[in-house]
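These protein sequence lines are chains A, B, C and D, in that order.
So the first sequence is residues 352 to 628, counted in my numbering.
So the second sequence is residues 352 to 628, counted in my numbering.
So the third sequence is residues 352 to 628, counted in my numbering.
So the fourth sequence is residues 352 to 628, counted in my numbering.
Each residue gets a CB set at the ideal place from its N, CA and C atoms; glycine is no exception.
Working notes, beginning with the structure itself.
Number of protein chains: 4
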Amino acid sequence: MRCVGAALDRRWRRDYRACMSLVNLADYEARARELAEGSTLDYYDGGSNDEITLRDNMAAFGRINVYPRMFRGVGTRDKNTTVVGSSATWPVIIAPVALLGMLSADGEVPAVRAATAAGSIFVLSTLSVTPIEEVIAVATGPVWFQLYVYKDRAASEALVKRVEEAGCSALELTADTPILGRRERDVRNGFGLPEGLWTPNLTAESGSLAPHAGSDSPFKAAIDALFYPDLTWDDVAWLTSITNLPVLIKGLLRADDAARAVDAGAAGVIVSNHGGR
Amino acid sequence: MRCVGAALDRRWRRDYRACMSLVNLADYEARARELAEGSTLDYYDGGSNDEITLRDNMAAFGRINVYPRMFRGVGTRDKNTTVVGSSATWPVIIAPVALLGMLSADGEVPAVRAATAAGSIFVLSTLSVTPIEEVIAVATGPVWFQLYVYKDRAASEALVKRVEEAGCSALELTADTPILGRRERDVRNGFGLPEGLWTPNLTAESGSLAPHAGSDSPFKAAIDALFYPDLTWDDVAWLTSITNLPVLIKGLLRADDAARAVDAGAAGVIVSNHGGR
Amino acid sequence: MRCVGAALDRRWRRDYRACMSLVNLADYEARARELAEGSTLDYYDGGSNDEITLRDNMAAFGRINVYPRMFRGVGTRDKNTTVVGSSATWPVIIAPVALLGMLSADGEVPAVRAATAAGSIFVLSTLSVTPIEEVIAVATGPVWFQLYVYKDRAASEALVKRVEEAGCSALELTADTPILGRRERDVRNGFGLPEGLWTPNLTAESGSLAPHAGSDSPFKAAIDALFYPDLTWDDVAWLTSITNLPVLIKGLLRADDAARAVDAGAAGVIVSNHGGR
Amino acid sequence: MRCVGAALDRRWRRDYRACMSLVNLADYEARARELAEGSTLDYYDGGSNDEITLRDNMAAFGRINVYPRMFRGVGTRDKNTTVVGSSATWPVIIAPVALLGMLSADGEVPAVRAATAAGSIFVLSTLSVTPIEEVIAVATGPVWFQLYVYKDRAASEALVKRVEEAGCSALELTADTPILGRRERDVRNGFGLPEGLWTPNLTAESGSLAPHAGSDSPFKAAIDALFYPDLTWDDVAWLTSITNLPVLIKGLLRADDAARAVDAGAAGVIVSNHGGR
Numbered sequence: 352m353r354c355v356g357a358a359l360d361r362r363w364r365r366d367y368r369a370c371m372s373l374v375n376l377a378d379y380e381a382r383a384r385e386l387a388e389g390s391t392l393d394y395y396d397g398g399s400n401d402e403i404t405l406r407d408n409m410a411a412f413g414r415i416n417v418y419p420r421m422f423r424g425v426g427t428r429d430k431n432t433t434v435v436g437s438s439a440t441w442p443v444i445i446a447p448v449a450l451l452g453m454l455s456a457d458g459e460v461p462a463v464r465a466a467t468a469a470g471s472i473f474v475l476s477t478l479s480v481t482p483i484e485e486v487i488a489v490a491t492g493p494v495w496f497q498l499y500v501y502k503d504r505a506a507s508e509a510l511v512k513r514v515e516e517a518g519c520s521a522l523e524l525t526a527d528t529p530i531l532g533r534r535e536r537d538v539r540n541g542f543g544l545p546e547g548l549w550t551p552n553l554t555a556e557s558g559s560l561a562p563h564a565g566s567d568s569p570f571k572a573a574i575d576a577l578f579y580p581d582l583t584w585d586d587v588a589w590l591t592s593i594t595n596l597p598v599l600i601k602g603l604l605r606a607d608d609a610a611r612a613v614d615a616g617a618a619g620v621i622v623s624n625h626g627g628r
Numbered sequence: 352m353r354c355v356g357a358a359l360d361r362r363w364r365r366d367y368r369a370c371m372s373l374v375n376l377a378d379y380e381a382r383a384r385e386l387a388e389g390s391t392l393d394y395y396d397g398g399s400n401d402e403i404t405l406r407d408n409m410a411a412f413g414r415i416n417v418y419p420r421m422f423r424g425v426g427t428r429d430k431n432t433t434v435v436g437s438s439a440t441w442p443v444i445i446a447p448v449a450l451l452g453m454l455s456a457d458g459e460v461p462a463v464r465a466a467t468a469a470g471s472i473f474v475l476s477t478l479s480v481t482p483i484e485e486v487i488a489v490a491t492g493p494v495w496f497q498l499y500v501y502k503d504r505a506a507s508e509a510l511v512k513r514v515e516e517a518g519c520s521a522l523e524l525t526a527d528t529p530i531l532g533r534r535e536r537d538v539r540n541g542f543g544l545p546e547g548l549w550t551p552n553l554t555a556e557s558g559s560l561a562p563h564a565g566s567d568s569p570f571k572a573a574i575d576a577l578f579y580p581d582l583t584w585d586d587v588a589w590l591t592s593i594t595n596l597p598v599l600i601k602g603l604l605r606a607d608d609a610a611r612a613v614d615a616g617a618a619g620v621i622v623s624n625h626g627g628r
Numbered sequence: 352m353r354c355v356g357a358a359l360d361r362r363w364r365r366d367y368r369a370c371m372s373l374v375n376l377a378d379y380e381a382r383a384r385e386l387a388e389g390s391t392l393d394y395y396d397g398g399s400n401d402e403i404t405l406r407d408n409m410a411a412f413g414r415i416n417v418y419p420r421m422f423r424g425v426g427t428r429d430k431n432t433t434v435v436g437s438s439a440t441w442p443v444i445i446a447p448v449a450l451l452g453m454l455s456a457d458g459e460v461p462a463v464r465a466a467t468a469a470g471s472i473f474v475l476s477t478l479s480v481t482p483i484e485e486v487i488a489v490a491t492g493p494v495w496f497q498l499y500v501y502k503d504r505a506a507s508e509a510l511v512k513r514v515e516e517a518g519c520s521a522l523e524l525t526a527d528t529p530i531l532g533r534r535e536r537d538v539r540n541g542f543g544l545p546e547g548l549w550t551p552n553l554t555a556e557s558g559s560l561a562p563h564a565g566s567d568s569p570f571k572a573a574i575d576a577l578f579y580p581d582l583t584w585d586d587v588a589w590l591t592s593i594t595n596l597p598v599l600i601k602g603l604l605r606a607d608d609a610a611r612a613v614d615a616g617a618a619g620v621i622v623s624n625h626g627g628r
Numbered sequence: 352m353r354c355v356g357a358a359l360d361r362r363w364r365r366d367y368r369a370c371m372s373l374v375n376l377a378d379y380e381a382r383a384r385e386l387a388e389g390s391t392l393d394y395y396d397g398g399s400n401d402e403i404t405l406r407d408n409m410a411a412f413g414r415i416n417v418y419p420r421m422f423r424g425v426g427t428r429d430k431n432t433t434v435v436g437s438s439a440t441w442p443v444i445i446a447p448v449a450l451l452g453m454l455s456a457d458g459e460v461p462a463v464r465a466a467t468a469a470g471s472i473f474v475l476s477t478l479s480v481t482p483i484e485e486v487i488a489v490a491t492g493p494v495w496f497q498l499y500v501y502k503d504r505a506a507s508e509a510l511v512k513r514v515e516e517a518g519c520s521a522l523e524l525t526a527d528t529p530i531l532g533r534r535e536r537d538v539r540n541g542f543g544l545p546e547g548l549w550t551p552n553l554t555a556e557s558g559s560l561a562p563h564a565g566s567d568s569p570f571k572a573a574i575d576a577l578f579y580p581d582l583t584w585d586d587v588a589w590l591t592s593i594t595n596l597p598v599l600i601k602g603l604l605r606a607d608d609a610a611r612a613v614d615a616g617a618a619g620v621i622v623s624n625h626g627g628r
């Protein structure tokens, strides 16, 4: 049923040797642009509106100068860390990415395997094509769950319970998407969920992400119809009250909001502008 | 008589389907550059002198970083607003643009129809090719009038009365054009008012915008001969005294000038550098 | 004898019509690059070392934002001005440029005629190919003289007297050239004074600007052999004491140096980095 | 035995005339890119990671504005200087560069000859292909020695004694390489010490810089296996205690570290980010 990514998988395998020369992230990005195509590539590669923030996200790293102290005795370096109770041996967390079924016939399975094997923490998107339980089953390290809150609050509460029971170690509540960013590439492509994919973490009624009428992309229209756009800090407090999992707030950009997150019971924040999307 | 824009109108219609893919302002700008030509395109597309300010006007938006607050309950968003008594359902006002007869055989009529249908406020240029009264007749929302003050003060006063009687809702007095900017593209093109166009809001003697001798463009020479270059804040106070319409001052760049505008009876200011022109 | 520029003069005349479309300084610069050639063009077009300052001199203007006050009654504008006793009807002074004989068979004569006819002040370079007296004879407005100080102090004093008697209205003492900038284009071209040109304002012994051995350009070697590199503010005071002409110091970049100039009797300063040369 | 650079030497000689037109450092850099090739060029030309610091090292010079004082009496200029007891007639010190045997069959000999003939101070790299003693034998001016500290501390102490006895005038201890930068060009090239080269300043066991397994370049793996990565300021104090030579600390970027260097007995610091490598 999830056959969309099969051709991609074959290409990855055939090009395995080429992958050996991937030395940095830019190499991986260039490689991904060769392998993915058209509207799929645009979905992952594009940003919202004029993509000014998308571009500046990268350029901003080049503006940071590091002035290290010398002779600090760095012969022994330890990359092990623990974040809200989850251990990692490689201190980079894999951000949630939707719909990996567009890139692999096995959906999120290869990604969670690779991430946890590398000692990272894998964050599963609400919009995965693989059910939470199957992801947890193949993980060899902690898995967190990225949460959008539905208009249907009972469905949201049920999802949180399912996430807990499946064995996820933390929740990431996305703060910066009361409505989805207007990704112009998706608008031009009329991007919607590809044939044959569905999102099993969503409730039955809405899991198909059926297109809606409007000037936005069908994908954006479906998302905006499904998720609750009116969240307040009271809703954050509600969420932290119904779960024993640590809740991280993803997508804050201001110090005052970080303080509000702590007041609402959050275990931490993730500074992000949603990748400029 | 106003036949200049007819070929353009045909092209717009023929290309209607292409217009469906206009996703952002840059798309519209690129499309306009395909449809308009030569000195007409240069008139709308160019800026004054080396066009440094023209270019920086766009780049400046990219330098603005927004740090939004999250979880503010934005499920219900209201774009309705009222500005100096005029209602808009789309909170973007259409800036006055001269001589739309160069782009359409129907002059300002298509623009005012589209703007007011979209819920915006349409600002009519003193230099329109369609008389004020015809513009008001087709508008389905508020129309404002952009005002230059003539050397002939009585003609100016008469124009203000005509604007009031026609049913405009506000006046925009342009502050930043004691003389017209030197638009080098216009100089190179010898730009003047095209054959067959006239500007019916101007008095009979000067309405033809007849070319004048000099090193500037014929258009600039005609404008500079017609409009009063010696305005002071006393003249602004005079204008606000002779009309019951709210007067907005367009083209201020300094806070101290904004305070002076209020002292002179203005209802508001419009920060602008005349589009870098 | 001064035949070097004759071919250029013919080209200027043949291309007179093309000159009618010169709308701004960039146009003139582009035109000059068409007419001058090779090492002559490089001499005028180039800067010192990596030309970083040369380029930044232009870019720096684009970083200046002007925030004009509006409604100031600018109908009457007056470009007339007086600078250290010299009147100008166009308030832009023509900076001294060496060796105009490379660009015209008539040396500095066309330039001084054009500058004074336009109401500007013409500043004659020490390194002109036309004698001071001939320049003054054709000028229809004030002429200033740009001064380098010779190692031969008596020759310098004689030159100042000659300038006074010829009828120049002011002296510009160049501050920023104790040695000439290393202009790499000149080094690559082996640039020296062209055959048939000499500099009649210099003393007989040194007027030929004969090439010297070394890794610099022959021109730089000749200049550095001729001019006194060891000037101090005492020498400036000496200069102001031997002349009744106002002395302007050209090439200062610091406020503290401007105060020193006034202390040494200067009538003014000209902020400049020698055009990045 | 050290034959790697012989072809390059021939090319340098054949192209001697071309070298006469090398006017600035950029010319030399361009020339070197013509003469060196492949992984050798990449070793010298590349930087660490994305080469952002490498590029900014050059651009940073363009951001420095100099505001010179004028009329300071600069007719007599003296480039002679003494640094920690070493005299130079040209006040630019030649930074240590490893493995010059890749560029010349005579290893470091041509470079030390040229540098000391020019009146500069030559700094010999620990990783030279020419023994210290041979370098000193051909030098006509001061030679300093750049020091890495081995994991084998006795070998390090022996090396310091050897440097002293050979007649070096100062030690430069590199601070910023507890591990070698990850130079991605070297990773792509699988860069290691070329056949036929060895590094005679290193102890016999490690002098071959034998490749090691891993995802880095063989060169980096060999260096990281050899040098002590755990240096602290106590080790710096140890070094200054076992030698009478002045010790300069190379690769500091912070004022507080400079103060620590003085406390540890250093004679000076060299501000550097290892050339962005």
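Could you give the first and the last residue of the continuous alpha helix (DSSP H) run that contains A439(C)? A439(C) -> not in any alpha helix (DSSP H); beta strand (DSSP E) instead, spanning 437-439.
Should L498(C) and L478(C) be called a contact, given that it needs their Cβ atoms to be closer than 8 Å? no
With DSSP as the reference, label F412(D) as helix, strand or coil. helix
C-beta contact flag for K502(B) and F570(B) at 8 Å: no
Buried or exposed (CB count within 10 angstroms, at least 16 for buried), V486(B): buried
Sequence-distant residues of the same chain with beta carbon closer than 8 Å to V448(C), five excluded per side: Y395, A462, S476
Going by Cα to Cα distance, which pick from L450(D), A576(D), D614(D), P597(D) is closest to T583(D)? D614(D)
Checking the sheet assignment: what are the DSSP bridge partners for W495(B)? V474(B), A521(B)
Compare the C-alpha of F412(A) against each of F412(D), R534(D), R611(D), E402(D) and name the closest. E402(D)
For a quick check, are the C-beta atoms of R539(D) and S566(A) less than 8 Å apart? no
Buried or exposed for A612(B), please, with buried defined as at least 16 other CB atoms from any protein chain shown within 10 angstroms of its CB. buried
Which full runs of the alpha helix (DSSP H) of 4+ residues lie inside the segment 371-457 of chain D, going along the chain? 376-386, 389-396, 403-413
Would the beta-carbon of E515(B) fall within 8 Å of that of T440(B)? no
Do three or more CB pairs link the segment 594-604 of chain B to the segment 614-625 of chain B at distances below 8 Å? yes
When the Cα of P597(A) is compared with those of F542(A), A456(A), G518(A), which residue comes out closest? G518(A)
Per DSSP, what are the beta-bridge partners of G619(A) in this structure? L599(A)
Neighbour flag for W589(B) against chain C, beta carbons, 8 Å: no
Could you name the residues of chain C that V538(B) contacts, counting a contact when the two beta carbons are closer than 7 Å? V374
Are the beta-carbon atoms of R513(D) and I483(D) separated by less than 8 Å? yes
DSSP on T583(A), reduced to helix/strand/coil? strand
Between G398(A) and T404(A), which are expected to be in contact by the criterion C-beta below 8 Å, what is the C-beta distance as a whole number of angstroms? 6 Å
Tell me, please, whether the CB atom of P562(C) is closer than 8 Å to any CB atom in chain D? For P562(C), the predicted model reports a pLDDT of 49, less than 50, meaning its position is unreliable; a value from the coordinates is still stated below. Output row for P562(C): interface = no.
Alpha carbon to alpha carbon, how far is S438(A) from I415(C)? 53 Å
Do we get a CB-CB distance below 8 Å when we pair M421(B) with the residues of chain A? yes
Any Cβ of chain A within less than 8 Å of the Cβ of P529(D)? yes
Measure the alpha-carbon distance for E332(D) versus A469(A) and round it to whole angstroms. Lying outside 352 to 628, the shown extent of chain D, residue 332(D) is not represented and no answer is given.
Can a CB atom of chain D be found closer than 8 Å to the CB of W495(C)? no
Identity of the residue in A588(A), V511(A), V587(A), L531(A) nearest A572(A) by Cα: L531(A)
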